[in-house]
Structures are given as C-alpha cells and as structure tokens.
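Inspection log for the structure reproduced underneath, given as structure tokens.
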Ligand code: OAD
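Residue numbers (my numbering): 27 to 277.
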C-alpha cells in the first residue's frame, strides 16, 4: 500500500500546498526504448570497458576511439523514441500543481522528446558538444570528426558534452537545493552504483521527504528508501503517477 501525498513530510510548506517533488532517472527508464543500460552486460557498455571510453584519461589516450564511441551513441538516438515511462513523467509534470524537478543521469534526449520541462541532465547530453578550451557548449546532432571545428576558436577542440568518471556532475547546487526542500523523492531505473546520484536519497531523507525507489530490481541503495516498487518503468510508472495525482486531488 503506497503512502498518500497527505502523509508526506511537507518540509516547510503549508498543509494546502502540493508536495514538492524531485525525480531522479537512470538508464532503466530508457531501457524499454531500446537504449542499453550500463551494467547489464558483464560490466561492459556496448562492448567497451567504461575506463576505455568514459574517462578524461581515455580521451587523452585515444580521442578517436572515444569520439567514435559517442558518435555511435548519438547516432543511435535517431533510431529510438521515448516510451510510456518518459511520457508518464511529462504528463504528470504538466498536471502536478506543485514544484517538480526531473534530474536525469541519462545523456539521451528522450525526456525532452516526451516534453518534460523542468529537467536537468547531471551527466551531460549526447546531442551537445563542448569546446575543450573555452567550455562553450553547442547543439550537435551528427558525428564529431577529427577535423570538426568549434565555433569559438575555429580549431578541432570539440569533445562530447558528457560528464566522464572523475569529472564533476552538472547543476549540483540546483539539485541539492531542490532535494533539501522536497517532500517526495522518486528514484527510477538506476542501480545506485554511481555517486553523487546514489546519495540523493539520503539528502531527501534528511530533508524529511518520503522516498521511493521504482526499478526493475532492488538497487544497491534500496534500504535507504522508505518505499520500493519493482517492475519495468514503462508499466509501473503510469499507474503510480496517476494514483499520486488522484490521491492529491482527493485530499
Ligand atoms: P545502470 O545500468 O547502472 O542501472 C540501470 C538500472 O535500471 C538497473 O538497476 C536495472 O535493474 C534497471 N532497469 C533496467 N531495465 C529497467 C526497466 N525497464 N524499468 C526500470 N528499471 C530498469 O545505469 P545507471 O544507474 O543510470 O554515468 O548508471 C549511472 C551512471 O553510470 C550513468 O549515468 C553513467 C554510468 O556510468 C556516466 O556516464 C557519467
């Protein structure tokens, strides 16, 4: 039996205002769209070790390999679409009367395509590239080639706009501010292996929020959540969010 919005922490809010919600998504929400998760294939990501393609050291060692890898991930976005899980979140956000922030670890653009609005990509975005020298960020849908030039210095300084291991995730101040005052924290489709995202539940707990994990299977940090719901996100989320909304409306 899930907990109703009227039972949430309501940290600092009046009893009549809608609970403030922070949602964290990981690779599991895009799995039903056909995007591979990170840790489902003997520790390999699309047949590569993470250290060979997702670290600054890998990019220094073999930039062509890293660019080819992310070019392929970027190209794959043309073959996939958002699924019922992405859509349920966007529809819920449009209907929810309170504050709502969606934080994703995913670098695909499937939340945007479902029309999510208040969205932060803490690990970067495949469809953006960055100048290594000036850090200017550009929209980019095609490949980055060895001679691709950035618009700022007109030199081949482009790298994927991806947070690699050892680099600082994006928007952390904004995310922690929202977690510190949220009433409900929902974590969806993430294994809890990678920090700081895996620690968000503890921040929300400390803020007095209700916390729920929605995943295919128990994550590494499942015990930190007050509530757990297991199943494919595309099947579980529409019903869960609909119930949340109607519980609030009837409150
Ligand atoms: P993982 O691959 O570690 O975990 C995906 C989680 O989704 C697993 O717990 C699966 O059980 C679950 N899952 C799979 N299919 C699902 C479905 N249909 N519905 C619900 N859950 C499902 O991916 P992340 O936790 O997102 O970082 O990985 C976190 C970070 O590690 C990534 O953002 C990436 C990676 O290295 C960077 O690239 C910086």
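Positions of the beta carbon are idealized from the N, C-alpha and C atoms, including for glycine.
Using the rule of at least 16 other Cβ atoms within 10 Å of the residue's Cβ for burial, across every protein chain shown, is residue i buried or exposed?
| i | result |
| --- | --- |
| residue 191 | exposed |
| residue 266 | buried |
| residue 54 | buried |
| residue 45 | buried |
| residue 128 | buried |
| residue 187 | buried |
| residue 104 | exposed |
| residue 159 | exposed |
| residue 60 | exposed |
| residue 210 | buried |
| residue 171 | exposed |
| residue 119 | buried |
DSSP three-state label for residue i, please.
| i | result |
| --- | --- |
| residue 261 | helix |
| residue 129 | strand |
| residue 267 | helix |
| residue 118 | helix |
| residue 110 | helix |
| residue 82 | helix |
| residue 164 | strand |
| residue 228 | helix |
| residue 221 | coil |
| residue 137 | helix |
| residue 186 | strand |
| residue 143 | coil |
| residue 201 | helix |
| residue 213 | strand |
| residue 276 | helix |
| residue 91 | helix |
| residue 151 | strand |
| residue 73 | coil |
| residue 254 | strand |
For residue i, tell me which candidate among the options has the shortest Cα-Cα distance.
| i | options | result |
| --- | --- | --- |
| residue 114 | 142, 93, 200 | 142 |
| residue 223 | 233, 198, 241 | 198 |
| residue 146 | 225, 52, 76, 164 | 52 |
| residue 132 | 195, 173, 83, 169 | 195 |
| residue 161 | 151, 144, 183 | 183 |
| residue 30 | 242, 235, 250, 241 | 235 |
| residue 56 | 272, 242, 247 | 242 |
| residue 263 | 33, 58, 43 | 58 |
| residue 272 | 169, 174, 123 | 123 |
Am I right that residue i and residue j are in contact with their C-beta atoms under 8 Å? What's the rounded C-beta distance?
| i | j | result |
| --- | --- | --- |
| residue 117 | residue 47 | No, residue 117 and residue 47 are not in contact; Cβ-Cβ is about 14 Å, not under 8 Å. |
| residue 189 | residue 206 | No, residue 189 and residue 206 are not in contact; Cβ-Cβ is about 22 Å, not under 8 Å. |
| residue 154 | residue 166 | 6 Å |
| residue 185 | residue 156 | 6 Å |
- Can we say the segment 198 to 217 touches the segment 177 to 185, given the rule of at least three CB pairs closer than 8 Å? no
- Given 8 Å, three or more beta-carbon pairs between the segment 97 to 114 and the segment 252 to 262: yes
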